[in-house]
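Participant: Numbering (the UniProt record's numbering), first residue to last: 1 to 231.
1. Would the beta-carbon of residue 28 fall within 9 angstroms of that of residue 132?
2. Below 8 angstroms on the Cβ atoms is my contact criterion, and I expect residue 219 with residue 143 to pass it. Report the Cβ-Cβ distance as a whole number of Å.
3. Inspect the CB distances between the stretch 28-41 and the stretch 143-155 and report whether three or more fall short of 8 angstroms.
4. Could you check whether residue 42 and residue 31 sit closer than 9 angstroms to each other, using their CB atoms as the reference points?
5. Looking only at its chain, what residues have a beta carbon closer than 7 angstroms to the beta carbon of residue 75, apart from the 5 residues adjacent to it on each side?
6. Exposed or buried, residue 94, counting other C-beta atoms within 10 Å across all chains shown (16 or more means buried)?
7. Would you give the residue range spanned by the alpha helix (DSSP H) that residue 203 belongs to?
8. Look at the alpha carbon of residue 149 and the alpha carbon of residue 172, and state the distance between them as a whole number of angstroms.
9. Are the CB atoms of residue 49 and residue 113 nearer to each other than 9 angstroms?
10. The alpha helix (DSSP H) spanning residue 49 covers which residue range?
11. Measuring CB to CB, does residue 18 end up less than 9 angstroms from residue 55?
12. Indicate the three-state DSSP secondary structure (helix, strand or coil) for residue 84 in the structure shown.
13. Write down the C-beta distance between residue 159 and residue 200 rounded to the nearest angstrom, noting that I regard them as a contact closer than 8 angstroms.
14. Please state whether DSSP places residue 26 in a helix, a strand or coil.
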């Protein structure tokens, strides 16, 4: 962690903050009014690190207001304590941005990690990982965790294109996406094997996975000159 700390108001820095807030929350930007629930803040930071990186602002409302924090040191402390439950350790830069009237916004810049996936220790023997989808941080499934980890390893992937893979491709020729449960149903495969096949195809770049709270969606990766036939 790197810390950039200053309690001196800078008009240019404040204007940059306002410009950033005006963009609204999205894939790489998240707002929190305060650090009342530090574990939730760490989940957002983990999701950024596991996806494309991003910026988290504490002291900014969902309505784009910038009330700031009266006691930024206290807020920073509880966040840093919660970050100790993150494995592996999360890379980030913390910056204090004074906004006047003895108020401060905490800015956390989280780069896309090179040691994905990061996870939060929620119980003694249970960890949870998160990824960013549009403007939300979603709990990562077992399959998504594997895909994130193995894509980060940048190793060649080999898979057998057999009857089950052909069945999957025929299904995706007629439908925009498929879930693990649906693939199990149409193929008759057990969960572990169906999961393994989807993960391999995603790592190989044949399928794109979109994490979803009700079940990840797998769709064909469109190649140059190809078009989707799904509805």
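For glycine and all other residues, C-beta sits at the position ideal for the given N, C-alpha and C.
Facilitator: With the given structure in hand:
1. When the beta-carbon positions are compared, residue 28 and residue 132 come within less than 9 angstroms of each other.
2. Here residue 219 is actually not in contact with residue 143; their C-beta atoms are around 14 angstroms apart, not less than 8 angstroms.
3. Counting Cβ pairs under 8 angstroms, fewer than three are found: no touch.
4. By the CB criterion at 9 angstroms, residue 31 and residue 42 fall outside the cutoff.
5. Excluding residues up to 5 positions away in sequence, 34, 35, 58, 69 and 106 lie with their Cβ nearer than 7 angstroms to the Cβ of residue 75 in the same chain.
6. Counting of Cβ neighbours within 10 angstroms places residue 94 among the buried residues, the total reaching 16 or more.
7. Residues 191-203.
8. Residue 149 and residue 172: Cα-Cα distance of roughly 25 angstroms.
9. Yes, the Cβ-Cβ distance between residue 49 and residue 113 is below 9 angstroms.
10. For residue 49, the enclosing alpha helix (DSSP H) covers residues 38-50.
11. No; because the gap between Cβ atoms is not below 9 angstroms, this pair is not in contact.
12. Residue 84 falls in the coil class under three-state DSSP.
13. Between residue 200 and residue 159 the Cβ distance is about 4 angstroms, and since that is below 8 angstroms, they are a contact.
14. Residue state, collapsed to three classes: strand.
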